[in-house]
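Student: Pasting a structure here, questions to come.
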Amino acid sequence: MENIQFIIIIFFSPLIQGIIKKLKANFQGRVGSSIFQPYYDLMRLFKKEMVVSHVTSWIFRVAPYIVFVSTTMAAIMVPVITTKSTYSITGDIIVLIYVFAIGKFFMALAALDAGTAFGGEGSSREMMVSILVEPMIMLCIFTTAIAAGSTNLAVIAEQHNTILTPSHMLAFFAFMIAIVADTGRIPVDNPDTHLELTMIHEGMLLEYSGRYLALMEWAHYMKQMLLFTIVVDMFFPLGIAYNGGMSEIAVSFAAYGIKMIFLACVMSIVESTRAKLRVFELPSLLGGSFALAVLSLLTLIMIGR
Amino acid sequence: MTSMYIYYFGLLLFIAGAIIPLIYPQKMKRFAYIFPTVGACAFAAFGMYLLFDHPLDISAVSITPLLGFVFRGDAISGFFILLISILTFSVSVYSMGYTKNMANKGVMGVLFNTFILSMYAVILSGNVITFLISWETMSIISYLLVTFDREEESASAGLLYAIMTHVGTAFILTAFLLLYKYTGHMDFAGIKEATNDIPAGIKTIVFVFAVIGFGTKAGIVPLHTWLPRAHPAAPSNISSLMSGVMIKTGIYGILRIVVDILGVGPEWWGIAIIVIGAMSAVLGILYALTENDMKRFLAYSSIENIGIILLGIGASMVLASNGLHTLSAIAMTAGLYHTLNHTLFKGLLFLGAGSVVHATHSKNMEEMGGLIKLMPYTAFFFLIGSVSICALPLFNGFVSEWLTFQALLFDFKSASAVAKLIAPMSGAALAFTGAMAIACFVKVFGISFLGMPRSQHAENAKETSTSMLAGMGFLSLFCLLTGIFPGHTIKLFSSSVFLLTGADYSSSGMGILSMREISSSISPLSLFIVMISLFIAAVFLVRIFGGKRKITYGNSWDSGIPSLTSRMQYTATAFTNPIRVTFKKIYLSKRHTKVSYALKPYFAKAIEYRDDITPFFEKYIYQPVTDFIHSLAGKVKHLQSGDLHLYLGYILATLILLLIFWS
Amino acid sequence: MEKSFDLSLVNDFISVGILLTAIALNTLERLESCVKAYTYNSWLLFLLILVPAVTTNNPHLYVAASLTLATKGIVIPLFLRKIVYQQKLVHQVQPYISNLLSLTLSGILITIVYASLSKGISVTGFSNHALKISIAVILIGLLIMITRRKAITMVVGLLFMENGLFLTGFSLTSGMPVIIELGILFDVLMCVIILGVFIIQIRHKFYSVDLDKSTTIHDQLTTLKG
Amino acid sequence: MSGILLLLFIPIITAILCYSSYNRREIEYINLIGAAIMAIVSIFVISASLSAPIFFFLGMFFIDALSAYILSIVIIVSVAVAIYSVNYMGREFENRLINVKEIRHFYALLHLFIFTMLLAVVSNNIAIFWMAIESTTIVSSLLVGFDKDKASVEASWKYIILCTVSLIFGLLGIFIIYYASSTVLVGDGTLNWTELREIAHDMPPETLKLAFLFILVGYGAKAGFAPIHNWLPDAYSQAPTPVSALLTGALSKCAFLGIIRFAILGNECLGVSYCGNLLMLFGLVSMGVASAFILVQHNFKRLLAYSSIEHIGIMAIGMGIGGFWGIYGSLLHMLNHAIVKPLLFFTVGEVKSKYHTTLIDKVKGAMFVLPVTSTIMLLAALAITGTPPFSIFLSEFTILKAAVDAGNWVTFSLFIIFAAIIFAGFLRNFGSMVFGKPNIDHDGQEKKEIVKKRNKMGLGIIVVMAVIMLVLGLHIPGFLDEILKSSVKIIAGE
């Protein structure tokens, strides 16, 4: 059981996306599509035929698989409902960040491969955002890791005593902003638009169609859910199972579900209450959250909690 | 004893390689690179022997009763010998093809071999005078190589390089003579024996001077200005050697003098090194991003990587001065591991850049594009290099950066709050450089290898010769192996780590790298296996569920305009624009936009856009100093006004002064 | 005993005279008078050698005295006069600095010499002042060379220095033959030099450039010869 | 004894023969043969004198290890110059710049000049030494003014005036020394250096101080200490290149020998610090002034002249620091400088006769025009600035070590700073000459001309000296070490 918990991420990630969409629609006073819509989209895309530019090279064809695989790999390394997993030796949370980076790297390359302006624009903006986000994420991780005395996510998750210390609260806020930026949501990026001037993530996928697009999108959903999971593990591990016992797993599964839905709500609230920022106003936003992260570290040093 | 035979064998080969092309420049030119290929293997074996912790007094020749050449090898030198040998091997293989139709091959062959020899000499020298002589010899030969094409700009680049490295040597000389003054020894072993006699203040001065002197060679910020000008000026096989191993001799010097000889110092030494490292890493990569000259770009990225290496070393120094020796061993491992990695992938990347420049006759990325179709193998190897240097998992860069992160986290265990704060902050800096590196290499690979050819040259580019590909392939293989077998790699140089930190970092298993101290581990090998199997599975499953794939090929999406030309692609400058704008405080960038109208203000004929960044250190530090010295010299010049009476006046004045003050 | 006393007194008088001729040089306007001053200076020198020659009739000293008179007292002055009249030079000295200033400067030089030699050498017996005076004369000669524009005045200054040197030798050793011979040899050298100088002068006439203000080669600009 | 007489007479005879011949080739051969014989004889003389000093002419002349060492330097440079002159003057002749008559004058004066220097080196009587130096001034001034254009005549005029004036002070110093000696040995004093040395410690110190000051000014100007160096750049830059090489390689060493001799007397009487400090002061000032002039310089011959001033300064610093290694380094530096600087002058001479200019920014891309020569020129330029693995580095390092041993950090740091500035100046100027696109028409001219015998000789001597420069940088042969050690003994006392 504990060794296949990543299946949860793979199969429930579209659902989370669906939930967020639904909630957003409701906030905007629409009925919105069903929460299972992402599943239908993926199905359709898998069936569809593909149009590929003849400018592209093998990078373009391999990229979707690499993105998908790297995200799955990340999913494997994360303790979802139980911290007891044989995969946890394969890597800690820093590795996790770098595994995400693989996907980012190849997606950006693939965007440049078709030689269109949109792809270039998308990847260059994506790069800017990730440059601003990476140090912030790393600082938040450091704060929690130092407090837990390990960078191993399972170990961090097992530290109950680190819940809700001041440093963790600050780190949590910073991390949430990082997630907003990294999953390409308002105010950083608008996932629902294809307006050239604003899009970042969509710009990179513009040349993709059919199953490649499906893989990319799915990977994106997974990444989103993964980031939520990491937040949960780092900041509210409460209720997570320490071993493969059925009852505990059931409990922690329920807890996990609740946490996920909660975070989805947070996301949708943020998205519906905020307006998208200009690209060149992002640095101020992300810089602010970086300051939060530094602050959390300082508090950890000063008051030691 | 056999090791000595191996050593002399290798020496002989290099000397032969140096002499033969001098005699027969034309027909024997191949031997100038075949000999070093073999010699490198011999020296690699020798280095391994030293690495198995057999310190060895090689030879001692006396110059005068005062001075003598002393060559000695221990585990530390063994490690660097190994690095040089690995890179030398592949670069000489590469050079066979690269130098095929180059002007003055003979001279090239001579300089190539002597350059490598001088680097070996630096690493193996066992006393002050030997070190200085081989050090400066290395500098001179590299100067001659930088100015090899005898053009004006490479001459000026070489001049800057020579002057800066000479000043650096002055600092090193002073540091050495200080050590000599207070220990009474000229050879490193003796100095190390008597190192306790040195007063703390002097130790600090020596530390500072050594860091400045060796840092100049290593290219730490702000002593880096020569590097991005000199490395691109040299022929590419040489740039590969310079960036791959020559700047590492600076690291070697710091390790030898500061860590090995001076031993454990106050904590702020380590913190200073960490800060320098973080600064070099961040600024190096920031400047790299804006470069559109491929080789210059790689040179800047070398500065960044030197910074990362120093982060590891500094962390280890901090831990050592807190008495945490096992942890300091891990940190040192991180530093040395990254040294090894940088040698591999930066060498590889420079060779790749060399092939590209060789094929397209241009260093400017804006004139490349679409090369992945024309030179597939080169592109593939370059991609591997890029992935490794971006520290993406499965390749070697990742392992060392992970270790560096851990090392910086350990520094939180140190006593002082400064270290507690500095270490994680520089960790954040490291994360920043990681992300920047990804941006940089996406730009380089994407702009120059992907998309459509952006110039005539790029369209008729051809795949390079087999020997050049072989040279690159060898390095790429190493990048992968050291990436997925960190355990073995670390065992390889654990002896030198032990020599440097007095502790040992025993990592468990072959593919796994675990840290009991923080119950955390990575296992690149399993990552590798799992990801490969996942990849196959993914492809397979998509086949099953997606059914038969139907692909229609068409143009890229062109928003309805008739056809998309290569000039409509995103340029390198445009790609970096958001980041340049974000960090304009650092770049001090000035943008000029010039619009020329056919009919003002509606029909713009052409829009010219330029965005220059101000090289801060050149403009605000180096320029004023040089100007000051020049103006001073200009004033002194009036002494020689040409008037005989004045000259006689000098004589009288001198005499009077002497009479007044000295009699 | 009292003889030597009176002797040293005489020597003092003569050497003071030598100094006076040197000082006078500072104020002279015309080249001819400069040459005259040199002539007097040399004759005084001759007297200075003559006195010990008479008292201790030492053949060496007689020879020296006569040689001095011949070269310094007669040949060189005549030669100089010839030059002065031959070349249609302006017969003004044309100093760089005012006579007053150069007088004060030479005064300062004399004081410096006296100060610095006071604790140094003290020659007893021969003369108490001759040594200091001689060095002072040398320095004044140099001062003349510095402050006077014309090449010929430079030569005059050189000759004054050389006389002063002779005086030094003589006063230090109270006329030891070795030194005398040295002095004579130096005279010969001097003549050679002067000849060389004037050969050069003539060469420069060929270039129609006045040597004394020619500063062709210096480091403020690039040199002409390239 | 007879050997030494022979050695002294060979140059005179050569000079006379050169003057009496009217055929260019013949003159050249006489010159070469004379130089060769001189070299051979000198070997015997020097080897003989190493065991014990040789006196002759009632002790007025002698050779001890020190003068033997300087003698060997003079001989080496003279032979090199004699060989190179054939190349240089031959080209001048072929370019119709000079005629046979002037060639006669040149070689005659050249060997006369060599003679005067030999005389100076072997003289024990300080007065004779002084006179020899003075006569070098006269002879060499004629050589400096050799190509009789305005600038060179002016240079020789300044040279002769300045050196004569300063030498007057030298003679003054000699008189005072004589007086001092006469106070010790009642009645008749002495002028023989060896005797002076025996009685030096009894001499009145104040007197000796005074004497040393005058000597320092007298010979210092000749050797080229700043700020009394002003004749030197003009003379070096205007003289024909071989003469410049001889001036810097040999003459400055002879003048410096004079200073050393008197410094020895001074040390005997006043202790090492007095003369030492003075020498160090002059050395540092010379280095500083030279560094400024080298950094901003338009004329490469003047550049080399200033570098000679710098190196005299370095020798003075070494002497001033004293101690075994200081003196050792200073003496070693004499030899190294006497090899490298003439080498530089030779290579620069080649460039000059190819580009017909001495202005740095009028020379571009020499590497293409004269591949071998300009490569060696670049290396020599690096060597002269004290870059390993060339010889000068060893001596400078020795001097620096001596400074550190003496704890003289001020001198040490000033030395390092000036050296760095000079390195920058040298590399900038020579780099701009060597690299870039050639601004004269060329097609491997060196290769084309190499067939001519003269050029072979010129190139040959350049290559040989370059090899010596490198070898001395990596190893100091035993006999050299011996002679250096015994010279140091003479200077520092047992």
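Chains as they are written, first to last, in my numbering: chain A, 1 to 305; chain B, 1001 to 1663; chain C, 2001 to 2226; chain D, 3001 to 3494. Even glycine gets a Cβ: it sits at the ideal position worked out from N, Cα and C.
Restricting to Cα atoms, I'd like to know which of B:M1365, B:T1404, B:N1292 and B:S1236 is closest to G1307 (chain B).
Tutor: Answer by Cα proximity: B:T1404.
Student: List the residues of chain A whose Cβ lies closer than 9 Å to the Cβ of N1555 (chain B), in chain order.
Tutor: Per Cβ cutoff of 9 Å: S53, H54 and V55.
Student: Does DSSP put K2003 (chain C) in a helix, in a strand, or in coil?
Tutor: A caution first: K2003 (chain C) carries a pLDDT of 46, below 50, which makes its placement in the model unreliable, though a value can still be read off. In this structure, K2003 (chain C) counts as helix in the three-state DSSP scheme.
Student: Rounded to whole angstroms, what is the Cα-Cα separation between I3450 (chain D) and L3370 (chain D)?
Tutor: Any reading at I3450 (chain D) needs caution, since the residue's pLDDT is 48, under 50, leaving its predicted position unreliable; the model's value is listed next. Cα to Cα, the separation comes out at about 11 Å.
Student: Write down the C-beta distance between V231 (chain A) and L263 (chain A) rounded to the nearest angstrom, noting that I regard them as a contact closer than 8 Å.
Tutor: Yes, V231 (chain A) and L263 (chain A) are in contact; Cβ-Cβ is about 7 Å, under 8 Å.
Student: For chain C, is any of its Cβ atoms less than 7 Å away from the one on Y3219 (chain D)?
Tutor: Answer no: the Cβ-Cβ gap between Y3219 (chain D) and chain C never drops below 7 Å.
Student: Quick one: using the 10 Å Cβ neighbour count with 16 as the cut-off for buried, is N1322 (chain B) buried or exposed?
Tutor: Buried: at least 16 other Cβ atoms inside 10 Å.
Student: Would you decide whether Q17 (chain A) is buried or exposed? Buried here means 16 or more other CB atoms lie within 10 Å of its CB.
Tutor: When all chains shown are included, Q17 (chain A) counts as buried.
Student: May I ask which residues mark the beginning and end of the alpha helix (DSSP H) holding M50 (chain A)?
Tutor: Note, M50 (chain A): premise wrong, no alpha helix (DSSP H); beta strand (DSSP E) at M50 to S53.
Student: Would you say V3451 (chain D) reaches chain C, if we count a Cβ-Cβ gap shorter than 7 Å as a contact?
Tutor: At V3451 (chain D) the pLDDT is 48, less than 50, meaning the model places this residue with poor confidence and gives no usable figure here.
Student: Quick check: the Cα distance between N1341 (chain B) and V80 (chain A), rounded to an integer number of angstroms?
Tutor: Spanning the two alpha carbons is a distance of roughly 34 Å.
Student: Since T1552 (chain B) is in the beta strand (DSSP E), which residue starts that stretch and which ends it?
Tutor: Note, T1552 (chain B): beta strand (DSSP E), I1551 to G1554.
Student: Which of helix, strand or coil does DSSP assign to M1294 (chain B)?
Tutor: Helix, per DSSP.
Student: Does the distance from the CB of F1670 (chain B) to the CB of A1175 (chain B) come in under 7 Å?
Tutor: Residue 1670 (chain B) lies beyond the range of chain B shown here (1001 to 1663); nothing can be said about it.
Student: Just checking my contact of N3031 (chain D) with V3086 (chain D) at CB under 8 Å: how many whole Å lie between their CB atoms?
Tutor: 7 Å between Cβ atoms; contact.
Student: Name, in chain order, the residues that DSSP records as bridge partners for L1056 (chain B).
Tutor: DSSP output for L1056 (chain B) lists B:G1073 as bridge partner(s).
Student: Looking at C-alpha atoms only, which residue of C:A2136, C:L2007, C:A2151 and C:R2149 is the closest neighbour of F3169 (chain D)?
Tutor: Among C:A2136, C:L2007, C:A2151 and C:R2149, the Cα nearest to that of F3169 (chain D) belongs to C:A2136.
Student: Grab the span of the alpha helix (DSSP H) containing D3361 (chain D) for me, first residue to last.
Tutor: Neither: D3361 (chain D) is in no alpha helix (DSSP H) and is coded neither H nor E.
Student: With a threshold of 6 Å (Cβ to nearest heavy atom), would N2058 (chain C) be considered close to the ligand PLP?
Tutor: With respect to small molecules bound, the structure shown includes none, and the ligand PLP cannot be examined in it.
Student: Measure the C-alpha to C-alpha separation of G1370 (chain B) and D113 (chain A) and round it to an integer number of angstroms.
Tutor: In a straight line, the C-alpha of G1370 (chain B) is about 9 Å away from that of D113 (chain A).
Student: Under 7 Å between the Cβ atoms of A3108 (chain D) and A3015 (chain D)?
Tutor: Yes; because the gap between Cβ atoms is below 7 Å, this pair is in contact.
Student: For N1237 (chain B), is the classification buried or exposed, using 16 other Cβ atoms within 10 angstroms of its Cβ as the cut-off for buried?
Tutor: So N1237 (chain B) counts as buried.
Student: Are the beta-carbon atoms of M1452 (chain B) and G115 (chain A) separated by less than 7 Å?
Tutor: Yes.
Student: So, at 8 Å on beta carbons, what are the nonlocal neighbours of M132 (chain A) in its own chain, with the 5 sequence-adjacent residues on each side left out?
Tutor: Contrary to the premise, residue 132 (chain A) reads as Leu rather than Met in this sequence. Once the five neighbours on either side are set aside, the close Cβ partners of L132 (chain A) are A181, L282, P283, L286, G287 and F290.
Student: Could you tell me the distance, in whole angstroms, from the CA atom of G1219 (chain B) to the CA atom of F1079 (chain B)?
Tutor: Those two C-alpha atoms are separated by around 21 Å.
Student: Could you tell me how far apart the beta carbons of S1280 (chain B) and I1303 (chain B) are, in whole angstroms, since I believe they sit closer than 8 Å?
Tutor: Yes, they are in contact, since the Cβ atoms of S1280 (chain B) and I1303 (chain B) sit about 6 Å apart, within 8 Å.
Student: Just mark K1217 (chain B) as buried or exposed, buried being the case when its beta carbon has 16 or more other beta carbons within 10 Å.
Tutor: K1217 (chain B) is buried by the Cβ-count criterion.
Student: Which residues does DSSP list as the beta-bridge partners of F3061 (chain D)?
Tutor: The partner list for F3061 (chain D) (beta bridge, DSSP) reads D:F3056 and D:S3123.
Student: Is the number of C-beta pairs between the region 3321-3339 of chain D and the region 3391-3404 of chain D that are closer than 8 Å three or more?
Tutor: In short, these stretches touch, since the Cβ pair count reaches three.
Student: Closest to L3372 (chain D) by CA distance: which of D:T3387, D:V3348 and D:Q3238 is it?
Tutor: Inspection of the sequence shows that residue 3372 (chain D) is occupied by Val rather than by Leu. The residue with the shortest Cα to Cα distance from V3372 (chain D) is D:V3348.
Student: Which residues in the same chain as V1245 (chain B) place their Cβ atom closer than 7 Å to its Cβ, once the five residues preceding and following it in sequence are excluded?
Tutor: Excluding positions up to five away in sequence, the list reads L1083, I1084, L1087, M1119 and T1343.
Student: Would you kindly report the start and end of the unbroken alpha helix (DSSP H) that includes L1541 (chain B)?
Tutor: P1524 to G1546 is the extent of the alpha helix (DSSP H) around L1541 (chain B).
Student: Which chain D residues are close to V1167 (chain B), counting only those with a beta carbon under 8 Å from its beta carbon?
Tutor: Correct list: A3420.
Student: Please tell me whether L1648 (chain B) has its Cβ less than 7 Å away from any Cβ of chain C.
Tutor: It does: the Cβ of L1648 (chain B) has a partner Cβ on chain C nearer than 7 Å.
Student: Could you check how far apart the C-beta atoms of S1641 (chain B) and D1611 (chain B) are, in whole angstroms? I think they sit under 8 Å.
Tutor: The Cβ separation is near 49 Å, so there is no contact.
Student: Report the three-state DSSP secondary structure of I200 (chain A) (helix, strand or coil).
Tutor: Here I200 (chain A) sits in coil by DSSP.
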